[in-house]
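Trainee: Residue numbers (the working numbering): 3 to 480.
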Amino acid sequence: MLRVLILSSAFVLVSFNLFGQFESNYEPILYTGTIPDHFLHSAKEKITSHLEQKDDILSKKEGEEFYTSTNFELSKILLSGEIYFNDKLTKYVNSIIDNLLKEQPELRKQITGCVTKFTAVNAAAWGEGTLFINLGLIARVENEAQLAYILSHEIAHYIKKHNLEQFKNDKEVEKSIFNKANEMEQLFAKLSFSRENEYEADKYGLEIYLESNYDPKEAANALRLLKKSDEPDQTHQLDLRKIFETKTFTIEDAMLYTEKTIEKEKKDQEDFLVIEVKVKPENIDEAEKLSTHPNIDKRIEAIEFATKKVGKSKTKNIQGAQLFKEIQKTATFEIIEKQFNIGAYSRCLYNALLLLEVFPKNKYLVGVVSRSLYWIAYYQSINSLRLVMPNHYRSDDPAYKSLLYFLNKLDNKQMLQLCYSYSKSKPNGKENEALVITIPRVLDMLNENEKAKKYYKLYQTNFPEGNYIEFAKYKLGE
Ligand SMILES: [Zn+2]
C-alpha cells in the first residue's frame, strides 16, 4: 500500500512538472524574428528555378502550368498568416524530419516542415517539398513517432512526385469524362487514383520511417488515429452548474439539455411530420469512396504486416516524452486561440472549458471563457448570434450540443449576466487583464456605466501597458 502511495505521489509530482508551465497562464505564439527565406522568395522565382529542373512526368507546357499554379497557391498560403515561423512547433516538426532524413542530407535540404493554424487532423505535401502539418494533427497524435510516420508518408509523396502525377491525371480525367460525368464521378475517378498513391506513399514512407529510431508499431497506430479523425477528440459532458452557477447566477432546469428535452424534441418533430432523409451509402465500397482517408483499414493491415517482425528496441519519443507533451498541449492552446481569433466563440468556449478541467487556474483560459461569452452576448444583442454560434441541432457531439442548448436558452440580459458573474467569481481576477477589461464592457451593455468606470480605472492602474489602455482611457473621457 505504501509503495502504491509513494508511486502515485511520484506520478503527481511528475505530471505537475510536465505541465508546470501551463498551470497558471498561457502566452499565445507570436511571430517574431527574421522571416524565413522560403516565405520571401516570390512565386515567380520559385517557378523559374523549378522549370530549370527536368522531370519525366510532365511536358514543358504542363510543367509551366503546374509550377505556376502550385507556387502561386503556396505563396498565398505562406503569406496568409496561417503558417507559424521561428516557433517551438515548427522547430519540433523539423527536428523530426532531421531524424528521419539523417542519412539523406541532400533530400533533407529540399524539405521544409511548416505548421499551419488549421484545425483539421491532417498533413499535406506540396509539389516542391513543403510539408504542411496542421495544429489539429499535432494536438491529436499520441506521441512523436506517430507524427514521424505521417511526415515519412508525406515525404514519400514528395519523392514519388505524386502531385505532378495527380496534376496530369486530373487533366486526363477532366478530358475523358468531359461533359458526360457529373462532379461526383470526376471526384471518384480522382480518388481511386490517389488511393494507389496512398499505398505507394505508405510503402516508401515506411522505408524512411524504419530507418529511424522510432517505434515501428506507431506507424499503424498513426493511421488508426487518422481513421478516427472525423470523430470529436476528448469530449465529455460539462457540469454547467458547477462551472457557471454563482450566488448571482442560477441555472434553471429548463436551460439544461436532458433526456426530457430529447424526448420532447422527438415528439415535436413527429407533430410536424418531419421526415428525416439520411443519405446512406449503399455498401462499404460506396462508404469508402466518400471517406477522406480511403481504404484505411487495408493500409493499416499492410503496415502491421510489414512491421510485425521489426525489433522493439526503439522509441516513441526521440526528443523525450516531456517535450512531446509540451508540444501537444501548446497545439491545443493554439487551436483555442485560433478559434477565438476567427470568431468561432462557442467552439472556443467549449474547448477552453474542457482544458480548464486540466488547468483550472490558467489565467488565459479563464480569460478566453469570459471574452467568448462577451462576444456571444454582443452578437446576440445585434441579432447576429448565428455568425458566432450554431443552433444545438447542428452538433453531433452530445457534450457540445448540451452547451449550445444552454447558451441558446439565455436571453441577452441573461447572457451578459452569465459573463459578468463568471468573470467576477474568479479568485485573483483583478490580476487577469482579460477579465478586468471584459467586466466593464459587459457593465456598459447592461447600462451600468458608473460601475463600469471603476473597472476601466482599475485597468488603467493594473495594466498601464495593456492592449486596451487607449480604450480604457477613452471610456474614462481622458
Ligand atoms: Zn497521403
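We put the beta carbon where it would ideally sit given N, CA and C, even for glycine.
1. Step through the CB atoms of chain C and report whether any lies within less than 9 Å of the CB of Lys311.
2. Determine the direct distance from the alpha carbon of Asn101 to that of Ala158, and round the result to whole angstroms.
3. Heavy atom of ligand 1 less than 8 Å from the Cβ of His155, yes or no?
4. Straight-line CA distance for Ile320 to Ile329?
5. What I want to know is whether the C-beta of Glu144 ends up closer than 8 Å to one or more non-hydrogen atoms of ligand 1.
6. When you compare each of Asn297, Tyr69 and Thr118 to Tyr201 by their alpha carbons, which one comes out closest?
7. For Tyr216, which of helix, strand or coil comes out of DSSP?
8. Are the beta-carbon atoms belonging to Tyr461 and Pro234 less than 9 Å from one another?
9. Which one of Ile305, Thr237, Met447 and Lys163 has the shortest CA to CA distance from Asp398?
10. Leaving aside the five residues before and after Leu212 along the sequence, list all residues of the same chain whose C-beta is less than 7 Å from its C-beta, in chain order.
11. State the Cα-Cα distance for the pair Arg443 and Leu478, rounded to the nearest angstrom.
12. What alpha helix (DSSP H) runs, 4 residues minimum, are completely inside the segment 381-430?
13. If distances are taken between C-alpha atoms only, which option among Asn199, Gly131 and Ala221 comes closest to Asn171?
14. Leaving out the 5 sequence neighbours to the left and right, which residues in its chain are closer than 6 Å to Val231 when beta-carbon positions are compared?
15. Rounded to whole angstroms, what's the CA-CA distance from Ala12 to Gln324? Just pull it up for me.
16. Within 10 angstroms of its Cβ, does Gly322 collect 16 or more other Cβ (buried), or is it exposed?
17. Hey, could you find the ends of the beta strand (DSSP E) Thr118 is sitting in?
18. Between His394 and ligand 1, is the CB less than 8 Å from at least one heavy atom?
19. Could you spell out the range, first to last residue, of the beta strand (DSSP E) harbouring Ala127?
20. I need the DSSP call for Phe335, collapsed to helix, strand or coil.
21. Once the 5 residues before and after Ser423 are set aside, which same chain residues still bring their CB inside 6 Å of it?
22. Kindly give me the distance between the Cβ atoms of Thr92 and Glu130, rounded to whole angstroms, as I take these residues to be in contact under 8 Å.
23. Let me check understanding here. Comparing Cα to Cα, which of Leu418, Asn88 and Ile441 lies closest to Thr36?
24. Taking its Cβ as the centre, do 16 or more other Cβ atoms sit within 10 Å of Gln23, making it buried, or is it exposed?
25. What residues are listed by DSSP as bridge partners for Thr248?
26. Less than 9 Å between the C-beta atoms of Met257 and Lys104, yes or no?
27. Closer than 8 Å: is that where the CB of His40 sits relative to any heavy atom of ligand 3?
28. Which of helix, strand or coil does DSSP assign to Asn145?
29. Give a yes or no on whether the C-beta atoms belonging to Ile210 and Phe134 are separated by under 9 Å.
30. Looking at the secondary structure, which residues open and close the alpha helix (DSSP H) in which Asn451 lies?
31. Tell me whether Thr132 sits in a helix, a strand or coil according to DSSP, three-state version.
Mentor: This is what the structure holds:
1. No chain C appears in the structure shown, which is made up of a single protein chain.
2. Ala158 and Asn101: Cα-Cα distance of roughly 15 Å.
3. At least one heavy atom of ligand 1 lies closer than 8 Å to the C-beta of His155.
4. A straight line joining the alpha-carbon of Ile320 with that of Ile329 spans about 13 Å.
5. In this structure, Glu144 has its CB at a distance of at least 8 Å from all heavy atoms of ligand 1.
6. The option with the nearest alpha carbon to Tyr201 is Asn297.
7. In the structure shown, Tyr216 falls within a strand segment according to DSSP collapsed to helix, strand and coil.
8. With contacts defined by Cβ atoms closer than 9 Å, Tyr461 and Pro234 do not form a contacting pair.
9. Nearest option by C-alpha distance: Thr237.
10. Counting only Cβ-Cβ distances below 7 Å, and skipping sequence neighbours, we find Pro218 and Val312.
11. Rounded to the nearest whole angstrom, the CA to CA distance from Arg443 to Leu478 is 12 Å.
12. Whole alpha helix (DSSP H) segments, 4+ residues: 400-411 and 414-427.
13. For the options Asn199, Gly131 and Ala221, the alpha carbon positioned closest to that of Asn171 is the one of Asn199.
14. The amino acid occupying residue 231 in the given sequence is Ser; Val does not appear at that position. Counting only Cβ-Cβ distances below 6 Å, and skipping sequence neighbours, we find Val123.
15. Residue confidence for Ala12 is low, a pLDDT of 46 falling below 50, so the modelled location carries little weight; the figure read from the coordinates is stated next. The straight-line gap separating the alpha-carbon atoms of Ala12 and Gln324 is approximately 15 Å.
16. With fewer than 16 Cβ atoms within 10 Å of its Cβ, Gly322 is classed as exposed.
17. Here the beta strand (DSSP E) through Thr118 covers Thr114 to Thr118.
18. False, no ligand heavy atom lies under 8 Å from that Cβ.
19. Element bounds for Ala127: Ala125 to Ala127.
20. Look at Phe335 here: in three-state DSSP terms it is helix.
21. Sequence-distant partners of Ser423 (beyond 5 residues in either direction) whose C-beta falls short of 6 Å from its own C-beta, in its chain, are Thr248, Thr250 and Phe251.
22. Not really, about 18 Å apart at Cβ, beyond 8 Å.
23. It is Asn88 whose Cα lies nearest to the Cα of Thr36.
24. Around the CB of Gln23, fewer than 16 other CB atoms lie within 10 Å, so the residue is classed as exposed.
25. DSSP lists Phe251 as partners of Thr248.
26. At least 9 Å separates the beta-carbon of Met257 from that of Lys104.
27. Ligand 3 is not part of the structure shown, which contains ligand 1 as its ligands.
28. Coil at Asn145, not helix or strand.
29. For the pair Ile210 and Phe134, the CB atoms are not nearer than the 9 Å cut-off.
30. Per DSSP, Asn451 is one residue of the alpha helix (DSSP H) stretching across Asn451 to Asn464.
31. It is a strand residue.
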